[in-house]
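Protein chains in written order, with the numbering used here: chain A, 1 to 533; chain B, 1001 to 1504.
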């Protein structure tokens, strides 16, 4: 990209927009909204530019040379003295096949969430300031390749999210917001500890031949960089690496959210305003699984292999448990929230397979779930805006009253169920194929297929209760979709259908990287030759 | 004592001398300018700036003042000037300057403006005590400086006499203080009885030879620790803190929570380092003489202190009281840096103090500005403040987030370095305890945010206007929190250059 720092730009553009909004008068709703819209629209454009210039055959993962759009310069440099080595922290950004789809997803979902935020009337200025800050945090997590930087972005998301749920949320917003905050901080505290532990275990060789402790994720992936005395070195006979892995995994699992850390999610979703639910389900949940793929897997490959059955087990529990609980819900939004838990289980299951097909499925499922759930939450938002209730049993026959709306609903529901020719099918199929092929988790996979059945059950039942049957007299005046809502639904529907028919568009982006990642985890980093790249 | 020694010593004491002169000038001006007392604040400010100038001048300087005369220890005096001491002196002076600005805009202090001369004179007494505490290396001088600090603060805690709680705070402070300084004095006398000296360097060389009654010696150390622990409000000597912090005028509370604590910590660190370290190994770890197990004591006390501070803060409805408990918890965090007994830990403590100065004073400043207007520090009265006074509320929010230790604020860097030191010393269990404590602390800090932004006020509260100087003061404390949060090289470099504690 000729040296243009495009990743920095895409990450910090929202901060720029935030500063502009900061100086706009409080009551200039229009200009505040349009500023946010322009910023997020430029982000999508930049993401498209990135995609257009993306090299599909570059692997990334552990090899700094095959990462793309790299930006790297020294950020913190503290010269060493005898008892304390030099501290060097890099501002290190770059993307590969695992971050590219998620970067795209973040850009798209944020734009759609901005459009969906159009009818926020309360403290508009504060809302968009927090919204854009959150945006920077999300983008940053997906492009950071230095653990320290990654952690800063990771934590940056907490506070805006707290406010976005706590101020603009529903009746129990305060409870939901603090629950979210404390849960996720608890998770990140474990990540911090492992980060410091890793820092003291591995040394990076600089250009001048000197060795320094490092937060560089890529350097941490190479077992040769670990020192003999490092507490998390692979040669260390203690079980510290296992404990560190579990702590790190727990930190990420809270974000996914994985059973039994999932209890914050339904509360947060139900109370959050629609656009924030969209972001939460569409992007934030992916951070957990992304973190596992980016950090846990390549840095601790031997422990990943050791624990893959357990990861699969938790995937299965997520799938089946989430689906069962979803079935029992009477609140539309809560149902979607639990269906999210169930669908994130597929990602875990695919990751546990440690096969190219399975992990491809998992990453694709991350993208697809992002778009599908975003649409589902928008759907709930539309009906809640009009009827001010989300009770599944309060409706009936809406298909007659709101035909266009029902059309979109049907697409989203069927995509969530996993109907062929829609995107959800492809990723779920890949996950199952990959997981079934791995002997150790075959039984888990077979049980997990129950999730499809249950998913079809609660989705179709919802469709029936809300949209079919006799129209409830109360709702005869509900208007159908307005243009703004079309703008949100049409692109998402297009993506869902397009990736259902032509999944290679996305799979090609990730395939090389996923292949490499699976290879790293299964065989270790030294077995891979990067010839031809 | 020869004359050359005296002039050498006085030269090293320039900051203290300047401060003493300023103190006298203050008293004098108080007598001369009956009608316009405003000038006194400015005199105080000038005195502090001059003192600060000499402190900064001393940064590259080191040496011993007032040698006790014994030929073999001729170079070791009652007072030691080194970069470590200069760092803490700077912290104290910066805090004092900010406190003068606090006092200029505090309503509580304005109401007692006719006694402003006494107020500043007492504050200067406190500062003088702190400066001596920071550099004293003789048990007698340590005791005297602690007393000088304490006596001035007892009076200041009840200075305004506006509320009943003022006097209560003062009395409580004095009773607790006298007991603990009595204990400390007893400990000192035991040490003197066993070693025959009060000079820390001489004690260090005497206890290297194992002929002591270790039980009595440990007992003496615990007694001395009681005196210092009271100053830094570590559990179980913290009981005075919430009452005094709540009752005292807020300027004094803020001052006690930062400067007094800094001086106490400097004393503790210097005491442990000079008296007990036999050598420092190549990776920067302090190897102690095996007479007293400081490590265990400090680990236990620090876990106890931060856990107790954090859990008690959860239930507080008064913001001053909550910040009091939070400052207890922070004392616990800072002690972690001492518990590792290494240069790394010491660096972390210095970083933490620099950051703690900014964020804690900032939090108290905003609480004071708000209290000036709404006459309350109750958390329920903060409802809706985020909308009526966006600037103050946002500033307070950032100070509190920094106190929690979330990036990208400087509080995160402070905590990060502490945890790095702990992990480096393989004390991972302790790091886990501290991190879980951080999560607990989030709840009560965010509770303030909740009241400011999330809760609907029952009655509409008026906008709190801040004057230009106050806005600037808030920004002066606020902006470095972000700068150091994102670019912390200068902070770490400064701290790393200031870990020299003369000795050995």
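For every residue, glycine included, the Cβ atom is placed at its ideal position computed from N, Cα and C.
Sort the options by Cα distance to residue i and report the nearest one.
| i | options | result |
| --- | --- | --- |
| residue 1235(B) | 1217(B), 1331(B) and 1320(B) | 1331(B) |
| residue 1248(B) | 1014(B), 1364(B) and 1127(B) | 1364(B) |
| residue 500(A) | 523(A), 517(A) and 430(A) | 430(A) |
| residue 1375(B) | 1318(B), 1054(B) and 1474(B) | 1318(B) |
| residue 535(A) | 156(A), 216(A) and 316(A) | Summary: the structure shown does not reach residue 535(A), with chain A confined to residues 1 through 533, and so no result is reported for it. |
| residue 1470(B) | 1442(B), 1037(B), 1080(B) and 1369(B) | 1369(B) |
| residue 1051(B) | 1043(B), 1388(B), 1323(B) and 1018(B) | 1018(B) |
| residue 1411(B) | 1362(B), 1103(B), 1009(B) and 1377(B) | 1362(B) |
| residue 242(A) | 258(A), 299(A), 392(A) and 455(A) | 299(A) |
| residue 399(A) | 177(A), 145(A), 58(A) and 383(A) | 383(A) |
| residue 136(A) | 8(A), 496(A) and 462(A) | 8(A) |
| residue 17(A) | 511(A), 392(A), 357(A) and 132(A) | 132(A) |
| residue 292(A) | 281(A), 233(A), 279(A) and 311(A) | 311(A) |
| residue 1105(B) | 1484(B), 1466(B), 1284(B) and 1486(B) | 1466(B) |
Quick one: grab the DSSP three-state call for residue i.
| i | result |
| --- | --- |
| residue 93(A) | strand |
| residue 1138(B) | strand |
| residue 67(A) | coil |
| residue 139(A) | helix |
| residue 1318(B) | strand |
| residue 1066(B) | strand |
| residue 1487(B) | coil |
| residue 1282(B) | coil |
| residue 488(A) | helix |
| residue 1288(B) | strand |
| residue 1078(B) | strand |
| residue 391(A) | strand |
| residue 1114(B) | helix |
| residue 517(A) | helix |
| residue 1005(B) | helix |
| residue 1207(B) | coil |
| residue 1372(B) | helix |
| residue 27(A) | coil |
| residue 74(A) | strand |
| residue 1073(B) | Here the model assigns residue 1073(B) a pLDDT of 49, short of 50, so the residue's position is not dependable, and the following value carries that caveat. Helix, per DSSP. |
| residue 1243(B) | helix |
With a CB to CB cut of under 8 Å and the five nearest residues on each side skipped, what residues in its chain are close to residue i?
| i | result |
| --- | --- |
| residue 158(A) | 181, 184, 185 and 188 |
| residue 480(A) | 401, 402, 403, 404 and 405 |
| residue 267(A) | 172, 175, 176, 179 and 180 |
| residue 1259(B) | 1091, 1092, 1095, 1096, 1099, 1126, 1127 and 1130 |
Please list, in chain order, all residues of the same chain as residue i whose beta carbon is under 7 Å from its beta carbon, the five residues on each side excluded.
| i | result |
| --- | --- |
| residue 1082(B) | 1062, 1500, 1501 and 1502 |
| residue 5(A) | 71 |
| residue 387(A) | 475 and 478 |
| residue 1423(B) | 1431 |
| residue 1404(B) | 1411, 1438, 1441, 1442 and 1445 |
| residue 1389(B) | 1463 and 1464 |
| residue 258(A) | 314, 318 and 348 |
Assuming residue i contacts residue j (C-beta within less than 8 Å), just tell me the rounded distance between them.
| i | j | result |
| --- | --- | --- |
| residue 78(A) | residue 1489(B) | 6 Å |
| residue 1307(B) | residue 1437(B) | 6 Å |
| residue 322(A) | residue 338(A) | 5 Å |
| residue 454(A) | residue 327(A) | 6 Å |
| residue 1184(B) | residue 1134(B) | With a Cβ gap of about 17 Å, residue 1184(B) and residue 1134(B) do not count as contacting. |
Tell me which residues share the same chain as residue i and place their Cβ nearer than 6 Å to its Cβ, disregarding the 5 neighbours each side in the sequence.
| i | result |
| --- | --- |
| residue 1358(B) | 1477, 1480 and 1481 |
| residue 1205(B) | none |
| residue 1393(B) | 1385, 1386 and 1452 |
| residue 1345(B) | 1337 and 1421 |
| residue 264(A) | 179, 180 and 183 |
message = Give the list of continuous alpha helix (DSSP H) stretches no shorter than 4 residues that lie fully inside the region 193-249 of chain A.
response = 217-221, all fully within the region 193-249 of chain A.
key: Start-end ranges of the alpha helix (DSSP H) lying completely within the region 1150-1195 of chain B, minimum 4 residues   = Residue ranges of uninterrupted alpha helix (DSSP H) with 4 or more members, entirely inside the region 1150-1195 of chain B and ordered along the chain, are 1164-1195.
query = Can you list the alpha helix (DSSP H) stretches of 4 or more residues lying completely in the region 1296-1346 of chain B, in chain order?
reply = Runs of the alpha helix (DSSP H) inside the region 1296-1346 of chain B: 1319-1339.
query = Which residue spans inside the region 97-149 of chain A form an unbroken beta strand (DSSP E) run of at least 3?
reply = Under the rule that a run must span 3 or more residues, no beta strand (DSSP E) segment is found entirely inside the region 97-149 of chain A.
ask   = Enumerated in chain order, which unbroken segments of the alpha helix (DSSP H) with a length of 4 residues or greater are wholly contained in the region 1387-1450 of chain B?
value = Correct list: 1390-1404, 1410-1424 and 1428-1449.
task = With a floor of 4 residues, list each alpha helix (DSSP H) that falls wholly inside the region 344-428 of chain A, ordered by position along the chain.
result = As far as the region 344-428 of chain A is concerned, its whole alpha helix (DSSP H) runs of at least 4 residues are 356-387, 398-401 and 403-417.
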